[in-house]
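Enquirer: Residues 0 to 363 in numbering that gives the first Met the number 0 are what the sequence shown lists, from first letter to last.
Backbone N, C-alpha and C define an ideal beta-carbon position, used for all residues, glycine too.
Computed from a prediction, not measured in an experiment: that's the story for all the values here.
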Amino acid sequence: MTENNEFSMELDISGTIIYADTHTPTDNELQTCKHIQLSSSYQWNPHNVSFPKSVRCLEDIVHDYRLISVLKSQKCNDIVGRRNDEIIFDLTSAQRRIAVMHTESVSVNNDFLQRNERIDPGFTDVPTLQTFQSKDRHSDVSPQQLSERWGISLKAATATLRRTTQRFLRSAILPLSRRYRMGMMFERKTLRGQWSTDTMDGRCKSLDGNRYAQVFANKSYFLRIYPMDSKKKAGNALRLFCQEFGVPEKLTFDRSKEQTKKGTEFMKQIRTHNIDYHICEPDLHNQNPVEGAIREVRRKCYRIMVRNRVPQKLWDYGMKWVTETSALTFISAGSLDGGIPLTEVTGETPAISEYLDFGFYDRV
Numbered sequence: 000m001t002e003n004n005e006f007s008m009e010l011d012i013s014g015t016i017i018y019a020d021t022h023t024p025t026d027n028e029l030q031t032c033k034h035i036q037l038s039s040s041y042q043w044n045p046h047n048v049s050f051p052k053s054v055r056c057l058e059d060i061v062h063d064y065r066l067i068s069v070l071k072s073q074k075c076n077d078i079v080g081r082r083n084d085e086i087i088f089d090l091t092s093a094q095r096r097i098a099v100m101h102t103e104s105v106s107v108n109n110d111f112l113q114r115n116e117r118i119d120p121g122f123t124d125v126p127t128l129q130t131f132q133s134k135d136r137h138s139d140v141s142p143q144q145l146s147e148r149w150g151i152s153l154k155a156a157t158a159t160l161r162r163t164t165q166r167f168l169r170s171a172i173l174p175l176s177r178r179y180r181m182g183m184m185f186e187r188k189t190l191r192g193q194w195s196t197d198t199m200d201g202r203c204k205s206l207d208g209n210r211y212a213q214v215f216a217n218k219s220y221f222l223r224i225y226p227m228d229s230k231k232k233a234g235n236a237l238r239l240f241c242q243e244f245g246v247p248e249k250l251t252f253d254r255s256k257e258q259t260k261k262g263t264e265f266m267k268q269i270r271t272h273n274i275d276y277h278i279c280e281p282d283l284h285n286q287n288p289v290e291g292a293i294r295e296v297r298r299k300c301y302r303i304m305v306r307n308r309v310p311q312k313l314w315d316y317g318m319k320w321v322t323e324t325s326a327l328t329f330i331s332a333g334s335l336d337g338g339i340p341l342t343e344v345t346g347e348t349p350a351i352s353e354y355l356d357f358g359f360y361d362r363v
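(1) To the nearest angstrom, how far is the alpha carbon of Asn307 from that of Gly150?
(2) At which residue ranges does the segment 254 to 305 contain complete alpha helix (DSSP H) runs of 4 or more residues, listed in the order of the chain?
(3) So for Trp408, helix, strand or coil by DSSP?
(4) Note the first and the last residue of the continuous beta strand (DSSP E) segment covering Arg191.
(5) So if DSSP puts Tyr225 in a beta bridge, which residue, or which two residues, is it bridged to?
(6) To the nearest angstrom, how far is it from the Cα of Leu128 to the Cα of Tyr360?
(7) On a Cα-Cα basis, can you pick out the residue from Gln30, His34, Ile12 and Asn27 that is closest to Glu5?
(8) What do you reckon, are the CB atoms on Lys232 and Gln213 nearer than 9 Å?
(9) Do Gln193 and Asn217 have their C-beta atoms closer together than 9 Å?
(10) Helix, strand or coil: how does DSSP classify Leu250 here?
(11) Look up Asp20 in the DSSP assignment and say whether it is helix, strand or coil.
(12) Hey, quick one: how far does the beta strand (DSSP E) through Ser331 stretch, first residue to last?
(13) Which value, in whole angstroms, describes the spacing of the CA atoms of Phe357 and Leu160?
(14) To the nearest angstrom, report how far apart Ile16 and Glu9 are at their CA atoms.
(15) What residue from Arg362, Ala326, Ser331 and Asp336 has the CA that sits closest to Ala350's CA?
(16) Please report the distance separating the alpha-carbon of Met266 from that of Asn235.
(17) Taking only the alpha-carbon atoms, compute the straight-line gap between Pro281 and Arg302 and give it to the nearest angstrom.
(18) Going by the beta-carbon positions, is the gap between Phe252 and Cys279 smaller than 9 Å?
(19) Could you check whether Ile274 and Pro247 sit closer than 9 Å to each other, using their CB atoms as the reference points?
(20) Please list the terminal residues of the continuous beta strand (DSSP E) segment that includes Asp11.
(21) Going by DSSP in three states, Gly346 sits in which element: helix, strand or coil?
(22) Quick one: Cα of Pro24 to Cα of Asp11, how far?
(23) What does the alpha-carbon distance come out to for the pair Leu237 and Gln268?
(24) Taking Ser205 as the reference, which of Thr342, Ser40, Gln143 and Lys312 has the closest Cα?
(25) Could you tell me whether the Cβ atoms of Thr198 and Thr348 are closer together than 9 Å?
(26) For Trp314, count neighbouring Cβ atoms within 10 angstroms of its own Cβ and tell me buried if that reaches 16, exposed if not.
(27) Name the residue from Leu341, Phe221, Trp43 and Gly346 whose alpha carbon lies nearest to the alpha carbon of Thr196.
(28) Suppose you measure from the CA of Asn209 to the CA of His277; what does that come to, to the nearest Å?
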């Protein structure tokens, strides 16, 4: 709307976004339509703008509501000691109770009203800010909620819930912190197919002191990441991967000295598990498929961290959460013709209960 109220433009709203439908004008519209100057002719300095201050803060309003609640509870003290049958058949008492339930205009006198220190704020009618209240042990997750928490499409969320279990049982995947299978402890399962690995640069030191991460992936879009503070620990990451999931039948990696140099922990694990490996040629990144997977994980983790305002020093936690949820998400691409990547590796129906209640960096 202009200052002289000669022109006003209609605006539309979509959710929280306010916009106006516009299009590129034609030559005829430029000649015949009226021209409106959107920018004001007055000088505007944003540093000199002053906004009115609020007279009362939110804490004062909540305090008044709690005091009013105390007054109403005192009015019902004479009814509490009576029997239920007397209250039901006493019309005068019933009318008094109904009147108490209605909204009453109470004049707040700071001299008369005092805070009752015996009242627990957690049991009042005004809950404390930034709290999560639920009567159930776990919440029922719909495809819409799972799509928003995991950052996946609604179709993929629906298929994921259909092909996984949500019985809220504890996970049985190593490292050993919950229930486990004996076969995963003493036997090394062979992972069929082509696998690849590479060392990813986190671009900053995390809160736990990690700067790098070793990533393992296959053509079924299964990924697993192991953060580490030094590239020399790539062999430890391979050892943990073999303990948790199995020994890759074929493994591809690049010519980094931490992986190919003689006497490194990485090559020791290759010989210990008798892994058939292939070293990529220099500057041929297309020979290592895990580099494309790392690129997609970076993109998804960046979007989630920006949306939830996650500090950059928590990048290793974000990468682990993205790879774990991606392995539990229904995918119909690549060599996996419609299925769960973790099911393709382990052969079991995965349980996603521990990822349903909260998303990444949610308030608990």
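Expert: Taking the coordinates as given:
(1) Translated into the one-based positions of the sequence shown, residue 307 becomes position 308. Translated into the one-based positions of the sequence shown, residue 150 becomes position 151. About 12 Å.
(2) Counting only runs of 4 or more, we get 256 to 259 and 264 to 271.
(3) Nothing about residue 408 can be read from this structure; the chain reaches only from 0 to 363.
(4) For the purposes of this step, residue 191 is taken as the residue at position 192 of the sequence shown. Unbroken beta strand (DSSP E) run through Arg191: Thr189 to Asp200.
(5) Taking the sequence shown and counting its residues from 1, the one referred to as residue 225 is at position 226. Answer is Gln213, bridged to Tyr225.
(6) Position 129 of the sequence shown, counted from the start, is the residue given in the question as residue 128. Position 361 of the sequence shown, counted from the start, is the residue given in the question as residue 360. Residue confidence is low: Leu128 scores 44 on pLDDT, short of 50, so the model does not pin down where it sits. No coordinate-derived value is stated.
(7) Counting from one through the sequence shown, the residue named residue 5 turns up at place 6. Nearest option by C-alpha distance: His34.
(8) Here the question's residue 232 lines up with position 233 in the sequence shown. Here the question's residue 213 lines up with position 214 in the sequence shown. Cβ atoms of Lys232 and Gln213: closer than 9 Å.
(9) Position 194 of the sequence shown holds residue 193. Position 218 of the sequence shown holds residue 217. Judged by their CB atoms, Gln193 and Asn217 are nearer to each other than the 9 Å cut-off.
(10) On the sequence shown, position 251 is the one that residue 250 refers to. Leu250: strand per DSSP, three-state reduction.
(11) For the purposes of this step, residue 20 is identified with residue 21 of the sequence shown, where counting begins at 1. DSSP places Asp20 in coil when its eight states are reduced to three.
(12) Counting from 1 along the sequence shown, the entry for residue 331 is found at position 332. Secondary structure note for Ser331: its beta strand (DSSP E) is the uninterrupted segment Ile330 to Ala332.
(13) Taking the first residue of the sequence shown as 1, we reach residue 357 at position 358. Taking the first residue of the sequence shown as 1, we reach residue 160 at position 161. Within the model, the alpha-carbon separation for Phe357 versus Leu160 is close to 16 Å.
(14) As a position in the sequence shown, residue 16 is number 17, starting the count at 1. As a position in the sequence shown, residue 9 is number 10, starting the count at 1. Linking Ile16 to Glu9 through their CA atoms gives a straight-line distance of about 14 Å.
(15) Position 351 of the sequence shown, counting from 1, holds the residue named residue 350. Comparing Cα positions, the closest option is Ala326.
(16) Sequence index remark: in the sequence shown, residue 266 carries index 267 (1-based). Sequence index remark: in the sequence shown, residue 235 carries index 236 (1-based). Using only the alpha carbons, I get a separation of about 11 Å.
(17) Position 282 of the sequence shown holds residue 281. Position 303 of the sequence shown holds residue 302. Whole-angstrom Cα-Cα distance: 32 Å.
(18) The count along the sequence shown starts at 1 and reaches residue 252 at position 253. The count along the sequence shown starts at 1 and reaches residue 279 at position 280. Taking C-beta atoms as the reference points, Phe252 and Cys279 count as a pair closer than 9 Å.
(19) By one-based count along the sequence shown, residue 247 stands at place 248. By one-based count along the sequence shown, residue 274 stands at place 275. In this structure, Pro247 sits near Ile274, with a CB-CB distance shorter than 9 Å.
(20) Here residue 11 is taken as the residue at index 12 of the sequence shown, counted from 1. For Asp11, the uninterrupted beta strand (DSSP E) run begins and ends at Asp11 to Ser13, by DSSP.
(21) Locating residue 346 in the sequence shown gives position 347, counting from the first residue. In the three-state scheme derived from DSSP, where H, G and I count as helix and E and B as strand, Gly346 is classed as coil.
(22) Residue mapping note: residue 24 aligns to position 25 of the sequence shown, counting from 1. Residue mapping note: residue 11 aligns to position 12 of the sequence shown, counting from 1. Going from the Cα of Pro24 to the Cα of Asp11 covers about 20 Å.
(23) In the sequence shown, counting from the first residue as 1, residue 237 sits at position 238. In the sequence shown, counting from the first residue as 1, residue 268 sits at position 269. Distance between the alpha carbons of Leu237 and Gln268 is about 7 Å.
(24) Locating residue 205 in the sequence shown gives position 206, where the first residue counts as 1. Per the Cα distances, Lys312.
(25) Locating residue 198 in the sequence shown gives position 199, counting from the first residue. Locating residue 348 in the sequence shown gives position 349, counting from the first residue. Pairing Thr198 with Thr348 gives a Cβ-Cβ distance that is not under 9 Å.
(26) For this step, residue 314 is matched to residue 315 along the sequence shown. Its Cβ being crowded by 16 or more others within 10 Å, Trp314 is buried.
(27) The count along the sequence shown starts at 1 and reaches residue 196 at position 197. Per the Cα distances, Phe221.
(28) As a first step, residue 209 must be located in the sequence shown, where it is residue number 210. As a first step, residue 277 must be located in the sequence shown, where it is residue number 278. Approximately 27 Å, taken between the alpha carbons.
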